[in-house]
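Asks:
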Amino acid sequence: MYQDVNDLDSRSRLLIGLGLAAAIAATRGQYFAPLAHHLPDATLAAFFLGGVYLQQRRGFVALCVLTTVLDLIAMTWGGVSSHCFTFAYWLLIPTYGAVWASGRWYAAHHTPTSATLPLLAGAALLGGITAEVISSGGFYVFSGYFDTFSGGELLNRFAEYMPATLWQLLAYVGIGALVHLSLSRVADSHQQRL
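In this text, residue positions in the sequence shown follow my numbering: the first is 1329, and each later residue adds one.
Printed below as a string of structure tokens:
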């Protein structure tokens, strides 16, 4: 039996939120997170899983604030270029919103069985593709760094960045699913002993 993501108590949601925040802080850029040198960025997966588990808007806002603060610290004290901090930077809000909404959709269709795993993968893929289109497309169109707009160039950018984005997202969501399954089995075992 799998734990239903819609039946979590507030303590569990808080712990999950703190775990997602820690994953973002540990992997977001190379500026101050030692793990970031070795692990891909978990931000999109954290927002997707936040949509699944945290569900409330304040969780979304908290993760958005965290990512912005981490980026500002990186630019102010971490020696990171402010190249990406343009008008297009604010398109990260709908970027993260896309994966959060995909996570919410999955949570609404989740059943505590393995039968929803294809839905999990599909929701993550759809959210990841939408997020990449908003993020890369928005940067290309609104950053001010490109004098001319070319659909071909935009497609080249998608081809360059989309595969890594989707692999990272799916890998972290897969890890999240394994953790969920493991903790559900521990909880089931504990319930059976009572």
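The beta carbon of each residue, even a glycine, is placed where N, CA and C say it ideally should be.
Here the structure is a predicted model, which means the values were calculated and not measured.
1. Between the beta-carbon of F1376 and the beta-carbon of G1431, is there less than 7 Å?
2. Three or more beta-carbon pairs under 8 Å between the stretch 1418-1436 and the stretch 1472-1484, yes or no?
3. Is it true that the CB of V1427 sits closer than 7 Å to the CB of G1466?
4. Flag this pair as yes or no: are the beta carbons of L1382 and G1425 separated by less than 7 Å?
5. Quick one: give me the first and last residue of the alpha helix (DSSP H) that V1380 is part of.
6. According to DSSP, simplified to helix, strand and coil, what is L1419?
7. With DSSP collapsed to three states, give me the class of T1439.
8. What does the alpha-carbon distance come out to for the pair I1401 and L1394?
9. Which residues in the same chain have their Cβ closer than 7 Å to the Cβ of E1460, if we skip the five residues on either side of it in sequence?
10. Please classify L1348: does DSSP put it in a helix, a strand, or coil?
11. What is the residue span of the alpha helix (DSSP H) that L1394 lies within?
Replies: Walking through what the data contain:
1. By one-based count along the sequence shown, residue 1376 stands at place 48. By one-based count along the sequence shown, residue 1431 stands at place 103. A contact, by the Cβ cut-off of 7 Å.
2. no
3. The sequence position of residue 1466 within the sequence shown is 138, counting from 1. The sequence position of residue 1427 within the sequence shown is 99, counting from 1. No, the Cβ-Cβ distance between G1466 and V1427 is not below 7 Å.
4. Taking the sequence shown and counting its residues from 1, the one referred to as residue 1382 is at position 54. Taking the sequence shown and counting its residues from 1, the one referred to as residue 1425 is at position 97. Not a contact, by the Cβ cut-off of 7 Å.
5. Locating residue 1380 in the sequence shown gives position 52, counting from the first residue. First-last of the alpha helix (DSSP H) with V1380: 1371-1381.
6. Locating residue 1419 in the sequence shown gives position 91, counting from the first residue. Reduced to three states, the DSSP call for L1419 is helix.
7. For this step, residue 1439 is matched to residue 111 along the sequence shown. In this structure, T1439 counts as coil in the three-state DSSP scheme.
8. As a working note, residue 1401 is residue 73 in the sequence shown. As a working note, residue 1394 is residue 66 in the sequence shown. Each residue's Cα considered, the two are about 11 Å apart.
9. Translated into positions along the sequence shown, residue 1460 becomes position 132. The residues are F1486, Y1489, M1490, T1493.
10. Against the sequence shown, residue 1348 aligns to sequence position 20. If DSSP states are grouped into helix, strand and coil, L1348 belongs with the helices.
11. In the sequence shown, residue 1394 corresponds to position 66, counting from 1. Element bounds for L1394: 1385-1404.
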